[in-house]
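Undergrad: Chains as they are written, first to last, in the working numbering: chain A, 56 to 293; chain B, 56 to 293; chain C, -12 to 205; chain D, -12 to 205.
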Amino acid sequence: MSKVYSGASLALAELMRDDMTIMAGGFGLCGIPSALIGAIKLTGVTGLTVISNNCGVDGIGLGVLLEAGQIRKMISSYVGENKLFAEQYLSGKLEVEFSPQGTLAERIRAGGAGIPAFFTKTGVGTIVAEGKEVREFDGESYVMERGLTADVALVHAWKGDAEGNLIYRKTARNFNPVVATAGKVTVAEVEHMAEIGELESDQIHTPGIFVSRIVHVPNPVKHIEQVRTRKRELAGAN
Amino acid sequence: MSKVYSGASLALAELMRDDMTIMAGGFGLCGIPSALIGAIKLTGVTGLTVISNNCGVDGIGLGVLLEAGQIRKMISSYVGENKLFAEQYLSGKLEVEFSPQGTLAERIRAGGAGIPAFFTKTGVGTIVAEGKEVREFDGESYVMERGLTADVALVHAWKGDAEGNLIYRKTARNFNPVVATAGKVTVAEVEHMAEIGELESDQIHTPGIFVSRIVHVPNPVKHIEQVRTRKRELAGAN
Amino acid sequence: MAWTREQMAQRAARELRDGFYVNLGIGIPTMVANYIPGGMSVCLQSENGMLGVGPFPYEGEEDADLINAGKQTITALPMTSFFSSADGFGMIRGGHIDLTILGSMQVARNGDLANWTIPGKMIKGMGGAMDLVAGVKRVVVVMEHEAKGEPKLLEQCTLPLTGQRVADMVITDLGVFTVARKGEAKLTLIALADGVTLDEITAKTAAKFENGLDRAAA
Amino acid sequence: MAWTREQMAQRAARELRDGFYVNLGIGIPTMVANYIPGGMSVCLQSENGMLGVGPFPYEGEEDADLINAGKQTITALPMTSFFSSADGFGMIRGGHIDLTILGSMQVARNGDLANWTIPGKMIKGMGGAMDLVAGVKRVVVVMEHEAKGEPKLLEQCTLPLTGQRVADMVITDLGVFTVARKGEAKLTLIALADGVTLDEITAKTAAKFENGLDRAAA
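1. If we ignore side chains and look at the alpha-carbon of each, how far apart do Gly12(D) and Glu48(D) end up?
2. When the Cα atoms are used, what is the spatial distance from Gly147(A) to Ser89(A)?
3. Which residues share a DSSP beta bridge with Leu140(D)?
4. Can you tell me whether Ala193(C) is helix, strand or coil according to DSSP?
5. Short of 6 Å in beta carbon distance, which residues of its chain neighbour Ala208(A), apart from the five on each side in sequence? Order them along the chain.
6. In angstroms with no decimal places, state the Cα-to-Cα distance between Leu139(A) and Glu122(A).
7. With DSSP collapsed to three states, give me the class of Ala140(B).
8. For Ser154(A), which residues from the same chain have a beta carbon less than 8 Å from its beta carbon, with the 5 sequence-adjacent residues on both sides left out?
9. Quick check: what's the CA-CA separation for Leu221(A) versus Gln281(B)?
10. Should Glu137(D) go down as buried or exposed, given a rule of 16 or more other Cβ atoms within 10 Å for buried?
11. Give the C-beta separation of Leu103(B) and Leu120(B) to the nearest angstrom, bearing in mind that I take them to be a contact with Cβ-Cβ under 8 Å.
12. With a threshold of 8 Å, establish whether the CB of Gly186(A) neighbours any heavy atom of the ligand MG.
13. Can you list, in chain order, the residues of its chain whose CB lies under 6 Å from that of Val126(D), leaving out five sequence neighbours each side?
14. Rounding to the nearest angstrom, what Cα-Cα distance links Tyr197(B) and Met56(B) in this structure?
15. Quick check: the Cα distance between Gly367(A) and Ile177(C), rounded to an integer number of angstroms?
16. Is Ser154(B) helix, strand or coil by DSSP?
17. When DSSP labels each residue in this structure, what does Val133(B) get in the three-state scheme?
18. Where does Arg(-8)(D) fall in DSSP's three states?
19. Runs of 3 residues minimum, wholly inside the region 234 to 290 of chain B: which ones carry the beta strand (DSSP E) assignment?
20. Note down the Cα distance separating Thr226(A) from Pro273(A), rounded to an integer number of angstroms.
21. Does the region 111 to 120 of chain A come close enough to the region 242 to 249 of chain A to have 3 or more Cβ pairs within less than 8 Å?
22. How would you list, in chain order, the residues of chain C whose beta-carbon sits under 8 Å from the beta-carbon of His278(B)?
23. What residues from chain A crowd round Arg80(C), counting only those whose CB sits closer than 9 Å?
24. DSSP three-state label for Arg72(A), please.
25. So Thr17(C) is in the alpha helix (DSSP H); what residue range does that whole segment cover?
26. Drop a sphere of 10 angstroms on the beta-carbon of Ile170(A), count the other beta-carbons inside from all chains shown, and report buried for 16 or more, exposed for fewer.
27. If we call anything under 9 Å between Cβ atoms a contact, is Asp257(A) one with Arg228(B)?
28. From what residue to what residue does the beta strand (DSSP E) around Leu146(C) run?
29. With 9 Å set as the bound, which would you pick, yes or no: does the beta-carbon of Asn293(B) sit closer than that to a beta-carbon of chain C?
30. So, using beta-carbon positions, are Leu38(D) and Thr67(D) closer together than 9 Å?
31. Which of the residues in the region 57 to 77 of chain D, read from start to end, lie with their CB under 7 Å from any CB of chain B?
32. With H, G and I counted as helix, E and B as strand and the rest as coil, what does DSSP make of Val112(B)?
33. Output needed for Asn55(C): all residues of its chain with C-beta closer than 8 Å, excluding positions within five of it in sequence on either side, in chain order.
34. Anything in chain C within Cβ reach of Ser256(A), meaning under 7 Å, just list it in chain order.
35. How about Ile251(A): is its C-beta nearer than 9 Å to some C-beta of chain B?
36. I want to see whether chain C comes within less than 9 Å of Pro275(A), judged by CB atoms only; does it?
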């Protein structure tokens, strides 16, 4: 029973259907499962509920699915980089549920860890708390938030092995480790496929149990939203 | 403002007082902060509430504090390896609050992550749920459990640096990473003190922000509760 | 003529499936690892923070930093990963473990399970047992059919529960029962140990059960 | 004669303390990193999963896998650690970050803060702002005193809140205020920008405030 698939479309075979809920790792365009998102576009499924911190930008990342009209609802913390998003939202084609970023990360972690609800200070006294239970613990007010899971979760990792063990790189880790835990089926795309035993047991970020399918996507194109640099002659000044 | 202390007793200086709550990492005798526990014994503080999965064994680990009569209450999941524990408990000298092991780990994580309460299936319909709110989510019953924090948290790590970054080794990781997050002050003992930059940024288990004080304890004596081996001639049979 | 401990472990091993992630309790459940069918890939989890538990170490190669949830020295495998106890129980509570095999003191007809304490005796604590029975997808109990001549399969547990309606299957030295976790309470005998009669197992079981032997054989 | 953006950042930098863990928002707050006093050790956190944020990379050395919460390319430092967003916000929610410096659209006399949305305009989402103001120990707001001639320091916010009674200090181009987060609402002016008069700042502030200039100077 191998977890290794030879292409992104094959890795999604028989998983996708209309009106399902999917979840994707990534923050902005960093650490997003681009190849798997592209493969979802090819399946043509529609009516998707997508749980992801952002919705890509026009033509990149989840923006691709937005463009193709495949998304019915987004659960996100920030979608400001996407013009098409605004259009579809204002025209009523697209539903949005905003969750504060930390609450969203925690809701996904909770979903993966079998916790249906938890309390947080974040959002108390704001529209985020409207319609939710607010309760006092030790004199402070907290709002109850629900765990999140998905039918299919998609993650992007730096290295992986046939067991499904994953290691992420730098801030491309972001939402990926929690998203990996919260899918009924989790599919991972990895930049490097390692031999079993090559990944150091103490350094694995996502244990293989969470990953059902894995696909090797070498040398992916990576986009940067905000290139900021310093000039070499300023070295030492910062 | 250096976090590095030159001995376990110095690392606890001015932190300990009677009737405080402390927390210790470790599972059984694996990955326990022995040197720091020994230093607590020397301070002579009493009336401690101790949050730790186990309570050591007679004369080792937290058993040392039990022996010295310094513990008033334990919050644990299992204390079966300790005869003195039974004596003190039955004589009414020692109070015990049992938390299922996974619930205990999650309560500590929640405490460190600012979550005052969460719901779990574990313990529903058992004495663990008595006196606690039980609520249905999506047709299943869950019990509400509270987060835990401590005045001082003690952890044992394999490697650390002056920034307080920690790396644990194998199953000596256990409760240590969550305990590290849940102390108002967290003190770490490490087997190896690394130079800043020596620990790979992607492989740090506990970021330095959680560790206020760190002490180098080279070559600690490590105890094994259940030595189980296989005979060499049986190689391949298992 | 009942099954031996080895035979019980062997019978429990038949519940394994290729690709399963499994948590084994202490005692007979640990022995199940010896009967994983050849060619079948089963990954053992230990809730103290390890996926991919290997066999006991060779003498002299014990590592104090490498123990299972029973605090026994073990070894790692090439595919092993280590993680925190919080993550280990996240796997369990989140339903990521396919099967747990564990011992018990009592099981009731409705799947209630009691295996952590006997009132009046020193309470040791439940450890991870409550988390396992509540969180793992499928719970298989392996236990002696009787304790000191008293039945352990009961209409209702008399000991404090570890979990409510959590057992899916009970394997004893006398036979195998399936348990319905949802709907009406229903215990069904599906196999008898070699040489054990229906009369004998009926006499030694304090819970009503249906006879599913024919269906199981069919 | 009000403070420049650089001067506002410089004033905010005076809130830093040796050993602090700090989260800086986008805009003027980012510039605070340029004014960390020599010899003071301050560690910058980025909630997307990084502790120990370094300066922008040299041209040509940008790494798409290394960005801050503003999605800007950055660099790592020798002491840097990476972690998940869940852990990043665990630090924030759990009160482990000493100070956050961030921009705002409105701040009320009682410390209410509004900086994430303007009704009627396209809603972009709150990102991590609500988590930061709710979780970080001390919240310092750096903002222009007015927006298009309208005061931003108000009796009550008119925009949807980011957090209730969360601001500890407000630094504008005209001066510095402290805010009481507990008890009675209380805004206190503790410094004026060079050349700004009490009359001017009073005229441009729509919230009642106490004059604490003498006490601050003393």
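The beta carbon of each residue, even a glycine, is placed where N, CA and C say it ideally should be.
Only a predicted model underlies this, so the values are computations on that prediction, with no experimental measurement involved.
TA: This is what the structure holds:
1. When only Cα atoms are considered, Gly12(D) and Glu48(D) end up about 23 Å apart.
2. One C-alpha to the other measures close to 26 Å.
3. Per DSSP, Val94(D).
4. Ala193(C) falls in the strand class under three-state DSSP.
5. So the qualifying residues of the chain are Met78, Val234, Ala237, Gly238, Thr241.
6. In this structure, the straight-line span from the alpha carbon of Leu139(A) to that of Glu122(A) is close to 7 Å.
7. For the sequence presented, residue 140(B) should be read as Phe rather than Ala. Of the three classes helix, strand and coil, the one that applies to Phe140(B) here is helix, per DSSP.
8. Here Ser154(A) has Ile130, Ser131, Ser132, Arg162, Val183, Glu200 as same chain residues with Cβ atoms under 8 Å from its own Cβ, once five neighbours each way along the sequence are excluded.
9. Their backbone Cα atoms lie some 32 Å apart in a straight line.
10. So Glu137(D) counts as exposed.
11. With a Cβ gap of about 7 Å, Leu103(B) and Leu120(B) count as contacting.
12. Questions concerning the ligand MG fall outside what the structure shown contains, since it holds no ligand whatsoever.
13. Close CB contacts of Val126(D) within its chain, under the 6 Å cut and outside five residues either way in sequence, are with Thr87, Val120, Val153, Ala154, Asp155 (chain order).
14. So the alpha carbons of these two residues sit roughly 45 Å apart.
15. Nothing about residue 367(A) can be reported from this structure: the residues present for chain A run from 56 to 293 only.
16. DSSP places Ser154(B) in coil when its eight states are reduced to three.
17. According to the sequence as given, residue 133(B) is Tyr; it is not Val. Coil at Tyr133(B), not helix or strand.
18. Annotated three-state conformation of Arg(-8)(D) is helix, per DSSP.
19. Here the runs fully enclosed are 238 to 249, 268 to 271.
20. Rounded to the nearest whole angstrom, the C-alpha separation of Thr226(A) and Pro273(A) is 19 Å.
21. Segments in contact, no.
22. Here the neighbours are Ala51.
23. Near Arg80(C) (Cβ distances below 9 Å), the residues of chain A are Ala168, Gly169, Ile170.
24. In the three-state reduction of the DSSP assignment, Arg72(A) falls in the coil class, being assigned neither a helical nor a strand state.
25. Under the DSSP assignment, Thr17(C) falls in the alpha helix (DSSP H) whose first and last residues are 15 to 18.
26. Around the C-beta of Ile170(A), 16 or more other C-beta atoms lie within 10 Å, and the residue is accordingly described as buried.
27. Yes.
28. Per DSSP, Leu146(C) is not a residue of any beta strand (DSSP E), being assigned neither H nor E.
29. With a pLDDT of 45 at Asn293(B), under the threshold of 50, the modelled position of that residue is not reliable, and no figure is offered here.
30. Judged by their CB atoms, Leu38(D) and Thr67(D) are nearer to each other than the 9 Å cut-off.
31. For the region 57 to 77 of chain D, residues whose beta-carbon sits nearer than 7 Å to a beta-carbon of chain B comprise Ala63, Pro65, Met66, Thr67, Ser68, Phe69, Phe70, Gly77.
32. Correct three-state label for Val112(B): strand.
33. Same-chain partners within the cutoff: Ser33, Asn35, Met37, Val40, Ile61.
34. The contacting residues are Ala63, Thr67, Ser68, Phe69.
35. So no, Ile251(A) is outside the interface.
36. Answer no: the Cβ-Cβ gap between Pro275(A) and chain C never drops below 9 Å.
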